[in-house]
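**Q** Numbering (the numbering used here), first residue to last: 429 to 522.
Think of the CB as a built atom: it goes at the ideal place given N, C-alpha and C, for glycine as much as any other residue.
1) Which residue marks the beginning of the alpha helix (DSSP H) containing residue 451, and which one marks its end?
2) Please list, in chain order, all residues of the same chain as residue 452 whose beta carbon is under 6 Å from its beta carbon, the five residues on each side excluded.
3) Would you check if the distance between the CB atom of residue 477 and the CB atom of residue 443 is smaller than 9 Å?
4) So for residue 471, helix, strand or coil by DSSP?
5) Compute the beta-carbon to beta-carbon distance between residue 446 and residue 484, rounded to the nearest angstrom, for a pair I have assumed lies under 8 Å.
6) If you drop the 5 nearest sequence neighbours on each side, which residues of the same chain put their C-beta closer than 8 Å to that of residue 475?
7) To the nearest angstrom, how far is the alpha carbon of residue 470 from that of residue 482?
8) Rounded C-beta distance between residue 466 and residue 454? I'm assuming under 8 Å.
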């Protein structure tokens, strides 16, 4: 349960930061160009939420640095396929 709370805290932090920046950029655009509505800030906030979800999924997919590394490699238990013998196989005629 603590791990889920940690992920939730990270997600809310990223979401809050990006939505806050998005709303700030929207307000700045409205202040610089009054023809731009404050709805642009909401649109930027929605886009920021999409980026927050993308960053959150990237954080989840990062490898754990405290996990032991697999030193054997990916093909440790695999054998090379045996070549067929050079002798021709004879079929039984019935």
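**A** Reading from the atomic positions:
1) By one-based count along the chain shown, residue 451 stands at place 23. The continuous alpha helix (DSSP H) containing residue 451 extends over residues 430–460.
2) Looking up residue 452 in the chain shown gives position 24. Take residue 452, set aside five residues on each side of it, and no residue of its chain has a beta-carbon closer than 6 Å to its own.
3) For the purposes of this step, residue 477 is identified with residue 49 of the chain shown, where counting begins at 1. For the purposes of this step, residue 443 is identified with residue 15 of the chain shown, where counting begins at 1. Yes, they are a contact pair.
4) In the chain shown, the residue the question calls residue 471 occupies position 43. Here residue 471 sits in helix by DSSP.
5) Residue numbering aside, residue 446 sits at position 18 when the chain shown is read from its first letter. Residue numbering aside, residue 484 sits at position 56 when the chain shown is read from its first letter. Contact doesn't hold; Cβ gap of about 11 Å is too wide.
6) Your numbering for residue 475 matches position 47 in the chain shown. Answer for residue 475: 450, listed in chain order.
7) Taking the chain shown and counting its residues from 1, the one referred to as residue 470 is at position 42. Taking the chain shown and counting its residues from 1, the one referred to as residue 482 is at position 54. About 19 Å.
8) Translated into the one-based positions of the chain shown, residue 466 becomes position 38. Translated into the one-based positions of the chain shown, residue 454 becomes position 26. Right, their Cβ atoms sit about 6 Å apart.
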